[in-house]
Each structure stands twice: as C-alpha cells, then as structure tokens.
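Chemist:
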Amino acid sequence: MKLFDKIFGWKENIIASEISDSHRLTISKSDYGKTLRYDDVVYSRIMNDSIYTKEYWDFLLPLAFFKERPNMLMIGLGGGTIPYQLYKLIGNNFNLDVVENNDAMIRLFSKFAGPEVKINLIKGDGAEYVKRCRYKYDVVILDAYKGGFVPDAFLTYGFTENANNCLKEQGILGINFISSMTGTDMFRSYLAGLKDRFDVYRVDTLPYSINCVLLCLKSLGRTEIIDGIKKNMTITHENAYILDGYTKMAAL
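Spelled out as structure tokens, the structure:
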C-alpha cells in the first residue's frame, strides 16, 4: 500500500506508534483516511469519505445483520475497522466481544477507531477463549494475524471444533483468509477440518484484494443468510457490491 500511495500522490503522516515484541505498530493519516500497520502489513483502514473500505472488512460486516442483533465474537482486533463501521451504521447498538492478546494493539484502538466506539474488549488468547464457550454466539469472526499469517493455533481441528461448540445452532464462523494460500496443501487440510463441522462457502472480495472470506455455517443455508442481510442491512449503491459478493458465494 505504501507503493500505491506513492503512485497516487498520497502523503502519510504517522500520528501514533507502539513497539510490540520488536514489531512496530503505527497509525498513519493521509488525504484518504487512516491506516494501522503491523510493520508494513495493513491491519486496519478507515476512509474519510465512506464507511466502506472496498476491502475484506466490508465483506465480514454483513454478519452483523444476518439476523436482528446477533451476539458476536471477533478474534483479532486490529485497529477496529469493523467496530468503527458498525458504530457509523447503527451507533453502539450492537453486541460485540473482541478478544485480543496484543497490549499495544489494545492501547491504539481508541486512537484509531475513536473513543466513542464501544466494544467489550477481552485481553487474552482467542484460541483459549473459545474453549470455554458453549453455544454463546451467533457469529464468530476470525481475523487473527501475526504479520501476514494466521497463527497456527487457529488452523487446527481443535480450534474448528471449539469454534463450532462456541456457536449457537444457527451460528456462523466468518474467516478472513489470504487468497493466495487457498491452493496450498495446508489450506486443503484446513478446509477438510472446517467441512467436517460446517458447510463452507467462499465469498470473493473485490478483484484487487488479496483476501477472501470463508463462511462456515452450522445449519443455516446461503439463501437464509442473504435474505437476512437484505432484511436487516440497508443496501445502497455505495455498498451493493457487498451483497453481490454474497449472492455469488461458492460452496467449497
């Protein structure tokens, strides 16, 4: 993104930074918005002129609307793009627990998303947290990365089983995954574990994005998901591409 910014003449100014285990976390601001990075990897983005980023966060956002006021868990905070988007759409009228184990990331949250954005922030290990849950959440969003990779603890069958148990009967597990990894042996093994516990779909994000969204459904069908989003989420010309992505979701 730094090269992209240079091409379009966007100048970024760092407005906050933290050091965590020899890694630098920064919040930068430019003419288009704010970005939080872990070293050079973009973890979160907020735009000045739109709630929507035209990146993968937008495609996880509908999970907050597949039913009225779902009880949600997010593993991996980043800067808090999705909590910020929800706040802009519906105020603080949403139920969201967020598990994050990085103290520096937690300290930067209010500086990035704004102190007005309210979540129930839990300091801890997300893989351990889901072990203690039983049928608590309607939605679990897995967006946990260290640098550019998902930590191994979230790629195990044990985590998949615990996430399944953590969800209510009609629950959804939504996963942010790097598209370039979906053809690897590791992904095929991971997918086999997911499919043992869920019906799994892939939602492709916009063509230039390196991320895709995996939707893992316990008992709901894709039609029920899409109908719920249409009912509860306001769809306009600004965000119609999100619903289009869901209508084209492919079973894996």
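The sequence shown begins at 20 in this note's numbering and counts up by one.
Positions of the beta carbon are idealized from the N, C-alpha and C atoms, including for glycine.
All of these numbers come straight from a predicted model, not from anything done at the bench.
Can you grab the Cα-Cα spacing for the pair S198 / V232, in whole Å?
Modeler: Here residue 198 refers to the residue found at position 179 when the sequence shown is read from its first residue. Here residue 232 refers to the residue found at position 213 when the sequence shown is read from its first residue. The alpha-carbon atoms of S198 and V232 are separated by roughly 9 Å.
Chemist: Return the chain-ordered ranges of every alpha helix (DSSP H) run that is complete within the segment 113-184 and spans a minimum of 4 residues.
Modeler: Segments of the alpha helix (DSSP H) lying fully in the segment 113-184: 122-132 and 145-150.
Chemist: What residue from S47, G202 and G166 has the CA that sits closest to S41's CA?
Modeler: Taking the first residue of the sequence shown as 1, we reach residue 41 at position 22. Closest by alpha carbon: G166.
Chemist: Count the other CB atoms within 10 Å of the CB of F84; is the residue buried (16 or more) or exposed (fewer)?
Modeler: Locating residue 84 in the sequence shown gives position 65, counting from the first residue. Label assigned to F84: buried.
Chemist: When DSSP labels each residue in this structure, what does S47 get in the three-state scheme?
Modeler: To locate residue 47, count along the sequence shown from 1; it is residue 28. Strand.
Chemist: Measure how close the beta-carbons of G193 and L115 come, nearest whole angstrom, since I'm counting them as under 8 Å.
Modeler: For the purposes of this step, residue 193 is identified with residue 174 of the sequence shown, where counting begins at 1. For the purposes of this step, residue 115 is identified with residue 96 of the sequence shown, where counting begins at 1. That belief does not hold up - the Cβ atoms of G193 and L115 are roughly 13 Å apart, past 8 Å.
Chemist: Measuring straight from C-alpha to C-alpha, what distance separates G202 and M124?
Modeler: By 1-based counting over the sequence shown, the position of residue 202 is 183. By 1-based counting over the sequence shown, the position of residue 124 is 105. One C-alpha to the other measures close to 31 Å.
Chemist: Quick one: give me the first and last residue of the beta strand (DSSP E) that A35 is part of.
Modeler: In the sequence shown, residue 35 corresponds to position 16, counting from 1. Element bounds for A35: N32 to S39.
Chemist: Kindly list the residues whose CB is nearer than 7 Å to the CB of P170, restricted to its own chain and excluding five residues on each side of it in sequence; keep chain order.
Modeler: Along the sequence shown, read from residue 1 onward, the residue named residue 170 stands at position 151. The answer, listed in chain order, is A163.
Chemist: What are the uninterrupted segments assigned as beta strand (DSSP E) that are 3 or more residues long and contained completely in the segment 41-115, given in chain order?
Modeler: Entirely contained in the segment 41-115, the beta strand (DSSP E) runs reaching 3 residues are, in chain order, 42-48, 52-57, 60-66 and 90-94.
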